[in-house]
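**Student:** One structure is given below, represented as structure tokens, and several questions about it will come after.
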Amino acid sequence: MLKTHNCGELRLSHAGQEVSLAGWVHRRRDHGGLIFIDLRDRSGLVQITVQPGRGEAHSVAEKARGEFVLKLDGVVRPRPENLVNPNLPTGEIEVLADSIEILNPAKAPPIPLDDDGYRTDEGQRLKYRYLDLRRARLQENIILRHKTIKFIRDYLDRLGFLEIETPMMIKSTPEGARDYVVPSRLQPGRFFALPQSPQQLKQLLMVAGYERYFQIARCMRDEDLRGDRQPEFTQLDLEMSFVDRDDVLAVVEGLVTALIPVVTPHKRIFEPFPRLSYAEAMARFGTDKPDLRFGMGIVDITDTLRRSEARVFAEPIASGGTVRAIVAPSSAGSSRKEVDTMTDLVKAAGAKAMATLAWTAEGVKGTAAKLLKDSEVSEIVRRLEAKQGDLACMVAGRADVASKALGALRLDFRDRLNLAPPDLLAFAWVIDFPMFEWDEEEKHWSFIHHPFTMPKQEHLDILETDPGAVLSDAYDLVCNGYELSSGSIRIHRRDIQARIFRSLGYSDEEAYRRFGHMLDAFEYGAPPHGGMAPGIDRLIMLLADEPNIREVIAFPKTASAADLMFDAPSELDPKHLRELHLQILE
Ligand code: ASP
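In terms of numbering that gives the first Met the number 0, the sequence shown has 39 at position 40, counting the first letter as 1, and numbering is strictly consecutive.
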């Protein structure tokens, strides 16, 4: 052992003790003879004092620079009262060095390491990730991640779940993205697919009788990346047999509710998690992942304006549309520029226009004030519970378009007015998702969750005749405007699974070629089962208050799915390509 103690753990109680320490030079200050080194290891920092006249130790300390790796022996001593640093856990002591050895020198790091790193070019940070990871913020994130995963493992173990690994090289298991593929050398022209999730494998584990499974599972999806996505990411994948929806929700809600106070005690959550149907979430928040840290729900005021003479409202209503509104403080839309920006926003979300009503000290103002009768305005006040100082933003048109536009506006108000309390984690369940959505490009129905999701029992009759109306037993866990997890009760009967594949446009032969193993398995006593898969990266991102998941993944990829540290993906040499029976087309 090169060290007897960890730097960050030394306290006043160690005073007088001889210690051996090893770590990195965080900072070094030369006070004309007296040299101070902040020595850092994983546990934190401690101040090393090297006095002149300490022979060898002093001349070594003179050579040391930032990020040099040192080993040293010394004695812990209390700092003089006026030099105590209350901001540092080791601030009451210092270590007087007797001998210092340089274990490895270091070049000056290409990126600064003693700040939070947010202002440093991310490309450089990712290229030198092994240095970037040294900064305290990232280290805390990685530790939080470890603690969270450890908690999850222990919690689920207590509930009788088994952690079971599943293969990385399989056949396509669709979750709505493209597959990453691995060419087979031994079977020319054939490919493995990397799992988009262990979905089918966990279902087959249920067929195999394991009843409660989980895995900290890596998923690979080749898709166009957005801020909170990665081509490979980690899920807490779980599956249970002989359960209905509420059993699965209870396990995950119990886990999350128990986890938060342990790993992030400063965070608040609502208990129990509110539940919204998909239809309700879309109508009231214009999204299936509502941010419930603040109110400002969308209200339908169609009935109030059904007989209005104002054409901007009457015409869309007459053609089957709605008028919907949200209420914000009038100060948020008082300038011309603010109103223009809001109008641009609702237009970008598909709406034709936005109308406003503002209740000011000088009476009712806003673009709709002149168009509406007093009785209509008073009815709107009643419906929206508006008071002086409020601003109503109204959008007329197709119900989904109006809600989507107002949903976007709602988030704009959130950001401009800081409506979301930073310590709140507003978890909620979104349930009763539709089974299918119409794929305009492919001209057939496609799945919303994945093709193994059970349609609601009472909708099995209309599966073929009215697919758009079929609801499924799928559910999402959302938090602060993010989708944290999807799950569902699964199909466990071959006949229903076959009907779903047909509804998705697969011929029976095609369905069997792709998913024969599932169809066959369902004929050998498959139990009813269901599960879900919370995203670990997103969860840690929210717990750590980070702006994106790359900050909580040790070695993440860029938005263009590249690894800058390895410079991957990289080319294969021609010999390797030949072995894999591959040819690159320019
Ligand atoms: N496999 C699903 C997903 O990755 C989760 C689930 O249904 O359990 O979203």
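Where a beta carbon is used, it is the ideal one built from N, C-alpha and C, also for glycine.
May I ask you to verify whether the stretch 560-579 touches the stretch 164-174, counting CB pairs closer than 8 Å and requiring at least 3?
**Tutor:** The stretch 560-579 vs the stretch 164-174: no contact.
**Student:** With DSSP collapsed to three states, give me the class of Val83.
**Tutor:** Looking at Val83 - three-state DSSP - the assignment turns out to be coil, as it is neither helix nor strand.
**Student:** Check this for me: beta carbons of Tyr277 and Phe432, under 9 Å apart or not?
**Tutor:** Contact: yes.
**Student:** Could you tell me which of Leu204, Gly529, Leu112, Asn103 sits nearest to Ala520, measuring between CA atoms?
**Tutor:** Nearest of Leu204, Gly529, Leu112, Asn103 to Ala520, Cα basis: Leu204.
**Student:** With 16 other CB atoms within 10 Å as the buried threshold, where does Gly31 fall?
**Tutor:** Exposed, because fewer than 16 other Cβ atoms sit within 10 Å of the Cβ of Gly31.
**Student:** Could you check if Gln186 is buried or exposed, using at least 16 other CB atoms within 10 Å of its CB as the buried criterion?
**Tutor:** Exposed, by the Cβ-count rule.
**Student:** Suppose the cutoff is 7 Å on Cβ atoms and the five residues either side in sequence are ignored; what does the same chain contact list for Phe213 look like?
**Tutor:** Around Phe213: Leu155, Phe160, Glu162, Leu235, Asp236, Leu237.
**Student:** Say yes only if the C-beta of Ala532 is nearer than 8 Å to one or more non-hydrogen atoms of the ligand NAP, and no if none qualify.
**Tutor:** For the structure depicted, the ligand NAP is absent and the ligand set comprises only the ligand ASP.
**Student:** Can Ser471 and Met434 be called in contact, C-beta distance under 9 Å?
**Tutor:** It is a contact, given that the beta carbons lie within the stated cut-off.
**Student:** For the ligand ASP, any of its heavy atoms closer than 8 Å to the Cβ of Asp221?
**Tutor:** The answer is no for Asp221.
**Student:** If we ignore side chains and look at the alpha-carbon of each, how far apart do Glu378 and Gln198 end up?
**Tutor:** For Glu378 and Gln198, the distance between alpha carbons rounds to 51 Å.
**Student:** Counting only the same chain and skipping the five closest in sequence on each side, list residues whose C-beta sits under 7 Å from that of Leu462.
**Tutor:** Correct list, in chain order: Pro454, Val469, Arg498, Ser502.
**Student:** Leaving out five residues before and five after Ser333 in sequence, what residues of the same chain have Cβ atoms less than 7 Å from its Cβ?
**Tutor:** Within the same chain, Ser333 has no close Cβ partners at all.
**Student:** Considering only the beta carbon of each residue, do Phe150 and Phe269 sit closer than 9 Å?
**Tutor:** No, they are not a contact pair.
**Student:** Nearest to Gly480 by CA position, among Ala473, Val429, Leu584, is which residue?
**Tutor:** The candidate whose alpha carbon is nearest that of Gly480 is Val429.
**Student:** Identify, in the order they occur along the chain, each residue of the same chain with its Cβ nearer than 6 Å to the Cβ of Ile259, setting aside the five sequence neighbours on each side.
**Tutor:** Answer for Ile259: Lys266, Ile268, listed in chain order.
**Student:** How should Tyr129 be labelled, buried or exposed, when 16 other C-beta atoms within 10 angstroms of its C-beta is the threshold for buried?
**Tutor:** Tyr129 should be labelled exposed.
**Student:** Look at the alpha carbon of Leu513 and the alpha carbon of Leu248, and state the distance between them as a whole number of angstroms.
**Tutor:** For the sequence presented, residue 513 should be read as Arg rather than Leu. Those two C-alpha atoms are separated by around 30 Å.
**Student:** With respect to the alpha helix (DSSP H) encompassing Leu416, which residues constitute its N-terminal and C-terminal limits?
**Tutor:** Counting along the chain, the alpha helix (DSSP H) containing Leu416 begins and ends at 398-416.
**Student:** Would Ala401 and Thr321 qualify as a contact pair, given that the criterion is a beta-carbon distance under 9 Å?
**Tutor:** Yes. Within cutoff.
**Student:** Given that a residue counts as buried once 16 or more other Cβ atoms are within 10 Å of its Cβ, and exposed if not, what is Met0?
**Tutor:** Per the 10 Å Cβ criterion, exposed.
**Student:** So, is Arg283 buried or exposed, given that buried needs 16 or more other C-beta atoms within 10 angstroms?
**Tutor:** Buried, because 16 or more other Cβ atoms sit within 10 Å of the Cβ of Arg283.
**Student:** Would you say Leu20 and Val68 are within 9 Å of each other, going by their C-beta atoms?
**Tutor:** The answer is no: Cβ separation not under 9 Å.
**Student:** How is Gln186 classed by DSSP in three states: helix, strand or coil?
**Tutor:** In the structure shown, Gln186 sits in coil (DSSP, three-state: anything other than H, G, I, E or B).
**Student:** Once you ignore the five residues that flank Ala553 on each side, which residues in its own chain have a CB closer than 8 Å to its CB?
**Tutor:** So the qualifying residues of the chain are Arg128, Leu132, Ile141.
**Student:** Can you give me the start and stop residues for the beta strand (DSSP E) that His528 sits inside?
**Tutor:** Start and end: 528-531.
**Student:** Answer yes or no: the CB of Leu586 versus the heavy atoms of the ligand ASP, is any distance below 8 Å?
**Tutor:** With the chain running from 0 to 585 in the structure shown, residue 586 is simply not present.
**Student:** Secondary structure at Asn479, three-state DSSP: helix, strand or coil?
**Tutor:** Note: Asn479 maps to coil in three-state DSSP.
**Student:** Could you give the C-beta distance for Gly7 and Pro88, rounded to a whole number, given that I count them as a contact under 8 Å?
**Tutor:** Between Pro88 and Gly7 the Cβ distance is about 6 Å, and since that is below 8 Å, they are a contact.
**Student:** Residues bridged to Met219 by DSSP?
**Tutor:** Its beta-bridge partners are Glu231.
**Student:** Got a sec, what are the start and stop residues for the beta strand (DSSP E) Phe514 sits in?
**Tutor:** Looking at the DSSP string, Phe514 is not in any beta strand (DSSP E); the run it does join, the alpha helix (DSSP H), is 507-520.
**Student:** Contact check, Cys478 vs Leu410 under 8 Å by CB: the rounded distance?
**Tutor:** Rounded, the Cβ-Cβ distance is 15 Å, inconsistent with contact.
**Student:** Go ahead and label Arg292 buried or exposed: buried means 16 or more other beta carbons lie within 10 angstroms of its beta carbon, across all protein chains shown.
**Tutor:** With 16 or more Cβ atoms within 10 Å of its Cβ, Arg292 is classed as buried.
**Student:** Considering only C-alpha positions, which residue in the set Thr256, Val394, Glu508, Leu33 is nearest to Ile297?
**Tutor:** Checking every option, the nearest Cα to that of Ile297 belongs to Val394.
**Student:** Consult DSSP for His265 and reduce its assignment to one of helix, strand or coil.
**Tutor:** In the structure shown, His265 sits in coil (DSSP, three-state: anything other than H, G, I, E or B).
**Student:** Determine contact between the stretch 57-64 and the stretch 34-49, defined as no fewer than three beta-carbon pairs at a distance below 8 Å.
**Tutor:** Because the criterion of three Cβ pairs below 8 Å is met, the stretch 57-64 and the stretch 34-49 touch.
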